[in-house]
Amino acid sequence: MEKIMAVYDVDSVYAQRFADVVNQKEKTPFTVIPFTNLETLREYAQKHQVEILLVSVSVPKEQVEGIHINSVVTLAEGEVVSAYDAYPSVYKYQAVDSVIREVMSCYCERSDEMPFVVMGKRARILGVYSPVGRCLKTSLALTIGQQLVKEGKTLYIGLEEFSGFSILLEESCKSDFSDVLYFYRQGNLDALRLRSLAYTWKELDYLPPVRYPEDLEQMTGEEAAGLVEKLGAEMGYQYVVLDAGRLARNLIPVLQRCDVIYMPVKEDGISSAKLEEFEEYLERSGNLELKERIRRIKLPYHSSLGRRESYMEQLLWGELGDYTRQLLKGVPWR
472 MEKIMAVYDV DSVYAQRFAD VVNQKEKTPF TVIPFTNLET LREYAQKHQV
522 EILLVSVSVP KEQVEGIHIN SVVTLAEGEV VSAYDAYPSV YKYQAVDSVI
572 REVMSCYCER SDEMPFVVMG KRARILGVYS PVGRCLKTSL ALTIGQQLVK
622 EGKTLYIGLE EFSGFSILLE ESCKSDFSDV LYFYRQGNLD ALRLRSLAYT
672 WKELDYLPPV RYPEDLEQMT GEEAAGLVEK LGAEMGYQYV VLDAGRLARN
722 LIPVLQRCDV IYMPVKEDGI SSAKLEEFEE YLERSGNLEL KERIRRIKLP
772 YHSSLGRRES YMEQLLWGEL GDYTRQLLKG VPWR
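Dropping the structure here:
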């Protein structure tokens, strides 16, 4: 059943542009319909189920009372304090992705509906892992994510203690992978909840890294693998890029959920010894089938990378980007 999000604002330009951007991005399971006339909204709500109403605080509360709507969120123009008493409020003049993320958070807290699962094919999960240090593993994962999003909806997950990802993108994140793990453990993680937790860089969705390294250490292997599988199967993504860090006991269960694992390697003696030791571990632990999914790759030296402010763009359009486009030619597009 189609879910409707109505936007009621006397500023017709804002309401229309907001609806256009959200509907084009397809980041929520809602269809956004703008209204600038109260009677039109009232008539529409009599014939259709409006799940969420975003309403400007400049609109008197009594004007929207009596309209059958499940959830109301006010759009604040200054300090985020709701003029509608019990209704939550979000700041109106911020990036649309930020508005939607906060609205989804408010909705999930107040909604008693069954979990929202996006039906469809399971996402193709691409893992990036290497026992070798300083091998451009994270740079490769980020480049893969940027490339895959051109083909379908993509989620990037960084499972490292300190990835530097939020600082790299200059994004002050209020939620992160720790929150995703919390809601998963509570049995309350669905597509709507994830939308309230995930961030977007251009078209690439990503989960900021854990707040505290201990959160990764406390995960069991089965828990980590189950969470990765759920993110790939129920959230509406076509691709999940998994930057597997030093997960210790959780590593093998997570890698087992990957359809392919890209492993950057280096040719020096220490790196070769680490790779050999890793393969011996797979044999001792009875996981030799993983070797069939591992693709060893030697990444090109990319001399064009410079300032971190434009690092993501440099990844995509430099030597590593050219290499990644060739690498992904064998990936089935959905």
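In the working numbering, the protein residues as written are 472 to 805.
Note that CB positions come from ideal geometry on N, CA and C, so glycine has one too.
The structure presented is a predicted model; accordingly, all values stated were derived computationally and were not measured.
Looking at the DSSP output, R595 sits in a beta bridge with Y710. Between I571 and S542, the CB-CB gap reaches or exceeds 8 angstroms. DSSP places K518 inside the alpha helix (DSSP H), whose first and last residues are L509 to K518.
Annotated three-state conformation of M734 is strand, per DSSP.
Taking the Cα positions, L787 is about 15 angstroms away from L639. The beta carbon of E674 sits closer than 6 angstroms to those of V620, all from its chain and outside the five residues before and after it, given in chain order. Rounded to whole angstroms, the Cβ separation of F648 and V681 is 5 angstroms, and the two are in contact under 8 angstroms. With a cutoff of 8 angstroms on beta-carbon distance, P500 and K474 are scored as near each other. Distance between V651 and E510, taken at the CA atoms: about 40 angstroms. The stretch 629–687 contains, as complete beta strand (DSSP E) runs of 3+ residues, the segments 670–672 and 675–678 (chain order). Between F587 and D661, the CB-CB gap stays under 8 angstroms. In the three-state reduction of the DSSP assignment, A547 falls in the strand class, which pools E and B. Burial is judged here by how many other beta carbons sit within 10 angstroms of a residue's own beta carbon; Y683 has fewer than 16 and is exposed.
By the Cβ neighbour-count rule, Y772 is exposed, with fewer than 16 other Cβ atoms within 10 Å of its own. The Cβ atoms of V574 and V589 do not sit closer than 8 angstroms to each other. The three-state secondary structure of E622, taken from DSSP, is coil. In chain order, L759, L761 and K762 place their CB closer than 7 angstroms to the CB of L753, counting only its own chain and leaving out the 5 sequence neighbours on each side.
Taking all protein chains in view, the Cβ of D714 is crowded by 16 or more other Cβ atoms within 10 Å, so the residue is classified as buried.
Apart from the 5 residues on each side of it in sequence, C579 sits with its Cβ closer than 7 angstroms to the Cβ of L663, R664 and S667 in its chain, given in chain order. Q709 counts as buried, since no fewer than 16 other beta carbons sit within 10 angstroms of its beta carbon. Contact annotation: V599 and K745 have beta-carbon atoms that are not nearer than 8 angstroms.
Beta-carbon to beta-carbon, V481 and V567 are separated by about 19 angstroms, too far to satisfy the 8 angstroms threshold. Taking all protein chains shown into account, A719 has fewer than 16 neighbouring C-beta atoms within 10 Å of its C-beta and is therefore exposed. A residue is called buried when at least 16 other Cβ atoms come within 10 angstroms of its Cβ; K624 meets this threshold and is buried.
Counting along the chain, S527 sits inside no alpha helix (DSSP H); it lies in the beta strand (DSSP E) bounded by residues V521 to S527. In the three-state scheme derived from DSSP, where H, G and I count as helix and E and B as strand, S560 is classed as strand. Leaving aside the five residues that flank S742 on each side, the residues in its chain whose CB is nearer than 6 angstroms to its CB run, in chain order, V603.
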